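Take 636 as the starting number for the sequence shown in the numbering used here and just add one per residue. Glycine is no exception: its CB is placed at the ideal position from the N, C-alpha and C atoms. In this text, all values refer to a predicted model and were calculated from it rather than measured experimentally. For reference, the structure discussed in these notes is given below.
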Amino acid sequence: MKISTLIFSVILVYLIVVAYMYLNQRKLLYLPSENNYLDDQIQFKYQEVFIETENNLRLKSWIIEKDLINKKTLVFFHGNAGNLSNRTYKLNQLNKFDINIIILAWRSFSGNNGEPTENNLYNDARKTIEWLNTRGVKNKNIILYGESLGTGVAVELGQMNEFGGIILESPFTSMTSAAKNIYPWLPVKYLLKDKYDSEKKIKNIKIPILIMHGKKDNIVPFKMGKKLYDLANNPKFFYFTENDDHMMTFDESLVNTIKNFLTFNPQ
636 MKISTLIFSV
646 ILVYLIVVAY
656 MYLNQRKLLY
666 LPSENNYLDD
676 QIQFKYQEVF
686 IETENNLRLK
696 SWIIEKDLIN
706 KKTLVFFHGN
716 AGNLSNRTYK
726 LNQLNKFDIN
736 IIILAWRSFS
746 GNNGEPTENN
756 LYNDARKTIE
766 WLNTRGVKNK
776 NIILYGESLG
786 TGVAVELGQM
796 NEFGGIILES
806 PFTSMTSAAK
816 NIYPWLPVKY
826 LLKDKYDSEK
836 KIKNIKIPIL
846 IMHGKKDNIV
856 PFKMGKKLYD
866 LANNPKFFYF
876 TENDDHMMTF
886 DESLVNTIKN
896 FLTFNPQ
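As structure tokens, this is what we get:
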């Protein structure tokens, strides 16, 4: 085989792979059927509710309601894989706090219809906030909680600076940087449709922020969470661990960190 023919073949194969990745990128990013989490026995009482978005799309959500008017409400934005029940082990711990909790399933997750995209997830999150507002919940009593992919959504909403605080678990600086880490041989800057550029937006957040990240995270490098912390405005707090990977262990130390953050009063 001639060198020119070999080079042409390699380039052709590369272009085919690039085209495949471009056309299927959202199937690789959003994984509703994949279960990477720890199922656990539910130890809390919850109500299944549905958040209405556009075109009569209804998103399954769970709400743990204690006192919507007088107590803080934690709004949980989950990551890019699995369903609501996969977060049971986290909800069991968060339920120990004297707060309300609502966790929504993104469109296409947990049996929901619809197509997940960056803008669609932002809309799902905003509709959840509106749903709470119509029930008397004020934004100042809402704590945004983002998990992995959900951190990008939490940062987007956090720029409103109307909320009581924001918690980021295993956050990435941007989806472009995260994708480059996994696919260094792809021109992701030019291919990626959903950017989730938290690195650019986090400077706009002026509410209390807690960033949690494990140094052994092999999906989102720890340095990304550390960079977001360095860029964040005060008041800011961190919980960095030596042994946690992408799925952080909800042990006593982490739970106490969240508890202290929830009771923090900047005034």
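Among the options, the one whose alpha carbon lies nearest that of residue i
i	options	result
V684	F732, T723, T786, L739	L739
F798	G781, I777, S783	I777
G749	I651, R661, S812, W766	R661
N768	K707, K815, S833	K707
K835	K815, N868, I737, N891	N868
A813	I802, E782, L779, V855	V855
I817	S639, L663, T640, L647	L663
P822	K637, V653, E687, E782	V653
L803	I737, S720, G714, K830	G714
S743	I736, K731, D759, N895	D759
With 16 other Cβ atoms within 10 Å as the buried cut-off, status of residue i
i	result
Q676	exposed
T898	exposed
G771	exposed
F712	buried
G746	exposed
W820	exposed
T808	buried
L658	exposed
Y649	exposed
E689	exposed
T811	buried
Helix, strand or coil at residue i according to DSSP, with G and I counted as helix
i	result
Q728	helix
T884	coil
K637	coil
T876	strand
F807	coil
V710	strand
Y665	coil
Q660	helix
Y825	helix
V684	strand
G800	strand
G781	strand
Between the CA atoms of residue j and residue i - distance to the nearest angstrom
i	j	result
N878	K850	6 Å
V788	P806	11 Å
I764	Y825	33 Å
L692	L889	35 Å
I642	Q678	60 Å
Q682	N718	16 Å
W741	E687	12 Å
I837	P751	23 Å
I893	S639	60 Å
K815	K830	12 Å
Is the region 697-705 close to the region 717-735, with three or more CB pairs under 8 Å?
With the cut-off at 8 Å, the region 697-705 and the region 717-735 touch.
With three or more beta-carbon pairs closer than 8 Å as the criterion, would you say the region 860-873 touches the region 834-847?
Counting C-beta pairs closer than 8 Å gives three or more between the region 860-873 and the region 834-847, which meets the contact rule.
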